Amino acid sequence: MAYLKENKEKPEKIGILGGTFDPIHYGHLVIAQWAKEEFSLDKVLFVPAGTPPHKLHKEVLMGKHRYRMTTLATNTNPNFKVSSMEMNRLGPSYTIDTIKDLRKEYGKDTFLYFITGADSVLDFYTWKDYEELIKSCYFIAATREGYDVEKFNQRIEEIHELFGHRIFKMDIPDLDISSTNLRKRINQGKSVKYLLPETVEQYIIENKLYKDLKG
6 MAYLKENKEK PEKIGILGGT FDPIHYGHLV IAQWAKEEFS LDKVLFVPAG
56 TPPHKLHKEV LMGKHRYRMT TLATNTNPNF KVSSMEMNRL GPSYTIDTIK
106 DLRKEYGKDT FLYFITGADS VLDFYTWKDY EELIKSCYFI AATREGYDVE
156 KFNQRIEEIH ELFGHRIFKM DIPDLDISST NLRKRINQGK SVKYLLPETV
206 EQYIIENKLY KDLKG
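Sequential numbering of the sequence shown, starting at 6, is according to the numbering used here.
1. Going by beta carbon distance, what residues of the same chain come within less than 7 Å of Tyr208, once the five residues before and after it are set aside?
2. Please list the terminal residues of the continuous alpha helix (DSSP H) segment that includes Met67.
3. What residues in its chain sit with their C-beta under 7 Å from that of Met92, if we drop five residues either side in the sequence?
4. Can you tell me the Cβ-Cβ gap for Ile177 and Ala147, rounded? I've got them flagged as a contact below 8 Å.
5. I'd like the ranges of any alpha helix (DSSP H) spanning at least 4 consecutive residues and lying wholly in the stretch 130–159.
6. Which complete beta strand (DSSP E) runs does the stretch 102–131 hold, if anything under 3 residues is left out?
7. Can you tell me which of the three DSSP states Leu77 falls into?
8. Buried or exposed, going by whether 16 or more other CB atoms sit within 10 Å of the CB of Val205?
9. Please state whether DSSP places Lys195 in a helix, a strand or coil.
10. Compare the beta carbon distance of Tyr143 and Tyr118 with 7 Å and say whether it is the shorter of the two.
11. Using the Cα positions of Tyr199 and Asp124, report the straight-line distance between them to the nearest angstrom.
12. In three-state DSSP terms, what is Gly169?
13. Relative to the C-alpha of Lys140, which residue among Leu22, Asn84, Arg108 and Phe26 is closest?
14. Suppose contacts are defined by Cβ-Cβ distances below 7 Å. Is His3 in contact with Ile182 by that definition?
15. Would you mind working out which of Ser89, Leu138 and Asn80 sits nearest Asp102, comparing C-alpha positions?
16. Quick one: Cα of Glu155 to Cα of Asp27, how far?
17. Less than 6 Å between C-beta atoms, sequence neighbours within five positions excluded: which residues of the same chain meet that for Leu227?
18. Can you tell me the Cα-Cα spacing of Met6 and Ile19, whole angstroms?
19. Do you know offhand how far Tyr135's Cα is from Thr81's?
20. Near Leu34, which residues of its chain fall below 7 Å by C-beta distance, leaving aside the five closest residues on each side in sequence?
21. Could you round the C-beta distance between Ile120 and Ile172 to whole angstroms and report it? I think they count as a contact, below 8 Å.
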């Protein structure tokens, strides 16, 4: 009985994958699954962005469509969940706000792992309240083709010296899929089959998405 109680109270490990998901594609799903397995996460929470501060002046599809596509893409995996917290937030949506909300929801003992691209780590010091952020969660940095390995390693060393070992590198396969290119293909009437889940493709077709969307 003591073993069962100890196992039940073991702190949960949750991965957080944020993004505009405009649209979500297999690259996003691979990153989430690899992080789940490599870091023994209990689940990965997909958080479609509301108004990302770095995309304030770019056209982004309505949140309800991005949320629905993310749900369709993940609903067959019991370890994947979707949260609408950022879309429900008014104004620009910052990572620190999301982590604070998740900390309130899941408690102080839960291990939170924010999943991002290795290239984003280079801009870490520009993130809002980065010192509080790095102390509030761990980071999983997924490598992408063309990222600056030397600069990335230097930045990791700097951050580890200042805040301890808070960022972990994760090598992933290069699928060479981007939401930008998918939007262009759809806008041009080209196929996106095998680049994103069929359920997402069908949703895009049924709702005539990206036909007039630029960028």
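Just so you know, even glycine gets a beta-carbon here, dropped at the ideal spot from N, CA and C. On a predicted model such as this, the values are computed, not experimentally measured, just so you know.
The structure says:
1. Residue numbering aside, residue 208 sits at position 203 when the sequence shown is read from its first letter. So the qualifying residues of the chain are Arg73, Met74 and Leu77.
2. Taking the first residue of the sequence shown as 1, we reach residue 67 at position 62. Unbroken run through Met67: none, as it is neither H nor E.
3. Along the sequence shown, read from residue 1 onward, the residue named residue 92 stands at position 87. Only Pro53, Gly55, Gly68 and Tyr72 meet the Cβ criterion.
4. Along the sequence shown, one-based indexing puts residue 177 at 172. Along the sequence shown, one-based indexing puts residue 147 at 142. Right, the Cβ-Cβ distance comes to about 5 Å (below 8 Å), so this counts as a contact.
5. 135–141
6. 116–122
7. The sequence position of residue 77 within the sequence shown is 72, counting from 1. Correct three-state label for Leu77: helix.
8. For this step, residue 205 is matched to residue 200 along the sequence shown. So Val205 counts as buried.
9. Start at 1 with the first residue of the sequence shown, and residue 195 comes out as number 190. Correct three-state label for Lys195: coil.
10. As a first step, residue 143 must be located in the sequence shown, where it is residue number 138. As a first step, residue 118 must be located in the sequence shown, where it is residue number 113. For Tyr143 and Tyr118, yes; Cβs fall inside 7 Å.
11. In the sequence shown, the residue the question calls residue 199 occupies position 194. In the sequence shown, the residue the question calls residue 124 occupies position 119. Rounded to the nearest angstrom, the two C-alpha atoms are 26 Å apart.
12. Within the sequence shown, the letter at position 164 stands for residue 169. Coil.
13. If you number the sequence shown from 1, residue 140 lands on position 135. The shortest Cα separation from Lys140 among Leu22, Asn84, Arg108 and Phe26 belongs to Arg108.
14. In the structure displayed, the chain extends from 6 to 220; residue 3 sits before or after that span and is not available.
15. The residue given as residue 102 occupies position 97 in the sequence shown. For the residues Ser89, Leu138 and Asn80, the minimum Cα distance to Asp102 belongs to Leu138.
16. Reading the sequence shown from its first residue, position 150 is the one you call residue 155. Reading the sequence shown from its first residue, position 22 is the one you call residue 27. For Glu155 and Asp27, the distance between alpha carbons rounds to 30 Å.
17. Residue 227 lies beyond the residue range present for the chain, which begins at 6 and ends at 220; the question has no answer from this structure.
18. Taking the sequence shown and counting its residues from 1, the one referred to as residue 6 is at position 1. Taking the sequence shown and counting its residues from 1, the one referred to as residue 19 is at position 14. In this prediction, Met6 has a pLDDT of 46, which is less than 50 and means its spatial position is unreliable; what the coordinates show is noted afterwards. Using only the alpha carbons, I get a separation of about 26 Å.
19. By 1-based counting over the sequence shown, the position of residue 135 is 130. By 1-based counting over the sequence shown, the position of residue 81 is 76. Roughly 34 Å between the two C-alpha positions.
20. Along the sequence shown, one-based indexing puts residue 34 at 29. Here the set comprises Ala78.
21. As a working note, residue 120 is residue 115 in the sequence shown. As a working note, residue 172 is residue 167 in the sequence shown. Contact flag wrong, Cβ pair sits at about 11 Å.
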